Amino acid sequence: MNTSTAQPRPQPRSLADLFISFTLLALQGFGGVLAVVQHNLVEKKKWLTREEFVEEWAVAQIMPGPNVVNLALVIGGRYFGLRGALAALAGMLLVPLMLLLLLAITYAHVSDHPGIAGALRGMGAVAAGLIGASGLKLASTLKTHPLGHVLAIVFCVLTLIVIAAFRWPLYVVLPVFGGLSCFLTYRKIKS
Amino acid sequence: MSGGLVLNLQWTDWLSLFGHYLLLSMLSVGGAISTTSEMHRYLVEEHHWLTASQFNASIAIAQAAPGPNVLFVALMGWNVGMNAGGMPLAFFGMLVTMVGILLPSTTLTYLAAQWGHRNRELRAVRAFKVGMGPIVIALLLATSWVLANTNAHAAVGGEWKLWLISILSALLIWRTRIHLLVLLAFGALLGGLGLL
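Top line first, the protein sequences correspond to chains L and U.
All residue numbers for the first sequence refer to my numbering, where the first residue is 1 and numbers rise by one.
All residue numbers for the second sequence refer to my numbering, where the first residue is 1001 and numbers rise by one.
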């Protein structure tokens, strides 16, 4: 779990660095920002390990509100407290919002054009794949999970099936599967 | 946007709009997009503050633009303000809905995350964060599946081509060092040329 706490490792240098980093991440996020955040902060900048990313993502996901906005808050807050959280949040929202308004004012009906609609479909297909790739990369953390890799993978696959195939709602899946997994993990780890 | 409504909104209406988004914020576990049907009921069916096409366009344009999906909420507030009398009110409407949808959830998330970080050595906190791992990874894979499926259904034919693009993108990002934007541009190009 906490294998890398001893050695120094990359982290944001300042509030401005956080703001700019999250602005750039948000601007690359067509059809969802999460895959971009995971790819850049974990695989490239290495601010977080895959294990840490999964832990922060668990918090961002379980709390109400837009997940990726929550994730920005949690990561920003981890380094610079409230100011870091606000800098990351502003980075995630400010410039993309201005761009969006510009788009809404000038090209209100742009999404009706067949070429644009086709391009959006193509980007949508890629974006769906990018999120899948993030899931596959993070699945490598299950190998060292305290439940043991077999049980951890069973939990993961069962959850995937009930959501994707049976369309169980989150308010059932999270308490049932999440609760059971957390309970079993609690019994496995030492305080 | 053309084809809008002409509204005369009182301050009680703005307050009601703000209150509604504050409430939706607390209910939006799984993201703001999970509350869109309730937004539709409130804005379009109950109050007639937005037309159905303005509502759909708000979501479509926000998805076409880069950035977090929650920005569609800003466009809804923007359009309500436009219907109520033009640009200054549109900015105000955008503030009302965005602050409404973000304030409760971000406050709660920040406090919970800081508490969790301070108590990270606590056995229950470790068990929660680590124990949720398999579940949230499954959620990512499920989201990918559902998005790929919805996206493929929107095609006029040749669903398999969109599925193929999704699967190839996942494998390429998983296994190679190719840049995300290169793949997105490639997808946009194929789609824009009418090949998908």
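Beta carbons are placed, not taken as given, at the ideal position from N, Cα and C, and that holds for glycine.
The model shown is predicted, which means the values in this text are computed figures rather than measured ones.
Please classify residue 193 of chain L: does DSSP put it in a helix, a strand, or coil?
No answer is possible for residue 193 of chain L: it lies beyond the span of chain L, which begins at 1 and ends at 191.
Between the C-alpha atoms of residue 53 of chain L and residue 39 of chain L, what's the straight-line distance to the nearest angstrom?
11 angstroms
Kindly identify the DSSP beta-bridge partner or partners of residue 1029 of chain U.
L/64
Span of the alpha helix (DSSP H) holding residue 168 of chain L?
No alpha helix (DSSP H) holds residue 168 of chain L; DSSP gives it neither H nor E.
C-alpha distance - residue 1140 of chain U paired with residue 160 of chain L, whole-angstrom precision
9 angstroms
Local conformation of residue 1051 of chain U per DSSP, three classes:
coil
Going by CA-CA distance only, name the one from U/1089, U/1166 and U/1040 that's closest to residue 1196 of chain U.
U/1166
If distances are taken between C-alpha atoms only, which option among U/1081, U/1101 and U/1092 comes closest to residue 1035 of chain U?
U/1101
Among L/118, L/22, L/130 and L/134, whose alpha-carbon lies nearest the alpha-carbon of residue 96 of chain L?
L/22
Against chain U, with Cβ distances strictly below 9 angstroms, would residue 11 of chain L count as a contact?
no
Inspect the beta-carbon positions of residue 1031 of chain U and residue 65 of chain L and report whether they are closer than 9 angstroms.
yes
Coil, strand or helix - residue 9 of chain L by DSSP:
coil
Same chain, Cβ closer than 7 angstroms to residue 129 of chain L, five either side skipped, listed in chain order:
none
Quick one: what's got a C-beta closer than 7 angstroms to residue 1178 of chain U's C-beta in the same chain, skipping five residues either side?
1172
Please confirm if residue 1118 of chain U has its CB atom under 9 angstroms from at least one CB of chain L.
no
I want to verify the contact list: residues of chain L whose CB lies under 9 angstroms from the CB of residue 1083 of chain U, in sequence order.
Under the 9 angstroms cutoff, chain L gives no residues; its nearest Cβ is about 13 angstroms from residue 1083 of chain U.
Scan the region 1097 to 1117 of chain U for residues whose Cβ lies nearer than 9 angstroms to a Cβ of chain L and list them as they occur along the chain.
1098, 1101, 1102, 1104, 1105, 1106, 1108, 1109, 1110, 1112, 1113, 1114, 1116 and 1117
Three-state secondary structure (DSSP) at residue 106 of chain L?
helix
Can you tell which of L/15, L/182 and L/72 has the C-alpha that lies nearest to the C-alpha of residue 1128 of chain U?
L/182
Whose Cβ in chain U lies nearer than 8 angstroms to the Cβ of residue 189 of chain L?
1123, 1126, 1127 and 1130
Reducing DSSP to helix, strand and coil, say where residue 1122 of chain U ends up.
coil
Beta-carbon proximity list for residue 60 of chain L, same chain, < 6 angstroms, skipping 5 on both sides:
67, 70, 71 and 74
Meets three-Cβ-pair contact criterion under 8 angstroms: the region 1016 to 1027 of chain U and the region 1085 to 1100 of chain U
yes
How about the region 1041 to 1058 of chain U and the region 1071 to 1080 of chain U: do they share at least three Cβ pairs that are nearer than 8 angstroms?
yes
Determine the chain L residues that contact residue 1078 of chain U at a beta-carbon separation under 8 angstroms, and present them in chain order.
101 and 104
Neighbour-count burial assignment, residue 4 of chain L, 16 or more Cβ in a 10 Å radius:
Bear in mind that the predicted position of residue 4 of chain L carries a pLDDT of just 49, short of 50, making it unreliable; the figure below should be weighed with that in mind. Its Cβ having fewer than 16 others within 10 Å, residue 4 of chain L is exposed.
Going by Cα to Cα distance, which pick from U/1136, U/1042, U/1008 and U/1073 is closest to residue 1033 of chain U?
U/1073
Would you say the beta carbon of residue 1115 of chain U is closer than 8 angstroms to some non-hydrogen atom of the ligand COA?
This structure simply doesn't include the ligand COA, nor any ligand for that matter.
For the putative contact between residue 18 of chain L and residue 80 of chain L, defined by C-beta atoms under 8 angstroms, what is the C-beta separation to the nearest angstrom?
7 angstroms
Would you say residue 1001 of chain U reaches chain L, if we count a Cβ-Cβ gap shorter than 9 angstroms as a contact?
Its pLDDT being 44, under 50, residue 1001 of chain U is placed unreliably in this model, and the value from its coordinates should be taken loosely. So yes, residue 1001 of chain U belongs to the interface.
For residue 26 of chain L, the three-state DSSP class (helix, strand or coil):
helix
Quick test of the definition: if touching needs 3 or more C-beta pairs under 8 angstroms, does the region 1121 to 1138 of chain U touch the region 146 to 159 of chain L?
yes
Relative to the C-alpha of residue 151 of chain L, which residue among L/91, L/126, L/177 and L/45 is closest?
L/177
Please list, in chain order, the residues of the region 169 to 180 of chain L that have any C-beta partner in chain U closer than 8 angstroms.
170, 171, 173, 174, 177 and 178
So, residue 1042 of chain U versus residue 82 of chain L, is the Cβ gap smaller than 9 angstroms?
no
Helix, strand or coil for residue 39 of chain L, going by three-state DSSP, please let me know.
helix
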